[in-house]
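Asks: Below is one structure. I have some questions about it.
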Amino acid sequence: SWSSFVHVASPIFVKGGKDDVWVFKVAGYISMAAAASVVFQGNDDGRGTPMSDNLVWQVGEYLVLGASCHMHGTFLVHAYVTFGAASSVSGRVLATAAVTLDTVRFAYPSPPPSPPP
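FYI, in the numbering used here the residues of the sequence shown are 9 to 125.
Right, dumping it as structure tokens:
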């Protein structure tokens, strides 16, 4: 949890199992430098698909991704989100004001298989 802002200047690697959940709360904003990333390591659904639902970003102000950034997770943003050219997200983005895109790629992994009856 952060009481002000977060700036991501280099890659961040989140490591864990498929049942682990991370919630990052930022009262201010998040900005990402060009080519920065937040990536899962060793956290998949058994089919090699990252579990983007397991990483939640709660942002009190806004989120800005520089060019060629990549992030995983579900983003709950109070104000707006701006994506730089060629940035990408594996997950969901929800904002109360606006989402600005510039040649952005979104990927949401298919849900895991249902358990047998």
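Even for Gly, the Cβ is constructed at its ideal location relative to N, Cα and C.
#1: Along the beta strand (DSSP E) that carries His78, what are the first and last residues, could you check?
#2: Is Ser95 buried or exposed, if buried means 16 or more other CB atoms sit within 10 Å of its CB?
#3: With the cut-off set at 8 Å, would you say Val64 and Gly81 are in Cβ contact?
#4: How far does the beta strand (DSSP E) with Ser39 in it reach, from first residue to last?
#5: Report the three-state DSSP secondary structure of Ser96 (helix, strand or coil).
#6: Quick one: does the C-beta of Ile20 sit closer than 7 Å to a heavy atom of the ligand GTP?
#7: Please return the same chain residues whose Cβ sits closer than 7 Å to the Cβ of Glu69, not counting the five positions on each side in sequence.
#8: Quick check on the burial criterion: 16 or more other C-beta atoms within 10 angstroms. Buried or exposed for Ser12?
#9: Going by CA-CA distance only, name the one from Ala105, Gln49, Asn62 and Phe48 that's closest to Leu71.
#10: If I measure Cβ to Cβ from Ala103 and keep anything under 6 Å in the same chain, skipping five residues before and after, which residues do I get?
#11: Use the C-beta contact count for Ala17: other C-beta atoms within 10 angstroms, 16 or more gives buried, fewer gives exposed.
Replies: In short, the structure shows the following:
#1: Where His78 is concerned, the enclosing beta strand (DSSP E) stretches over His78 to Val85.
#2: Residue burial annotation: Ser95 is buried, with at least 16 other C-beta atoms found within 10 angstroms of its C-beta.
#3: A distance below 8 Å separates the beta carbons of Val64 and Gly81.
#4: Ile38 to Met40 is the extent of the beta strand (DSSP E) around Ser39.
#5: Reduced to three states, the DSSP call for Ser96 is strand.
#6: Ligands are entirely absent from the displayed structure, and the ligand GTP is therefore not among its contents.
#7: Gly36, Tyr37, His86 and Ala87, listed in sequence order.
#8: In the assembly as shown, Ser12 is an exposed residue. Its beta-carbon has fewer than 16 other beta-carbons within 10 Å.
#9: Nearest option by C-alpha distance: Ala105.
#10: Excluding its 5 nearest sequence neighbours in each direction, Ala103 has C-beta neighbours in its own chain below 6 Å: Val85, Tyr88 and Val89, listed in chain order.
#11: With fewer than 16 other Cβ atoms from the protein chains shown falling within 10 Å of its own Cβ, Ala17 counts as exposed.
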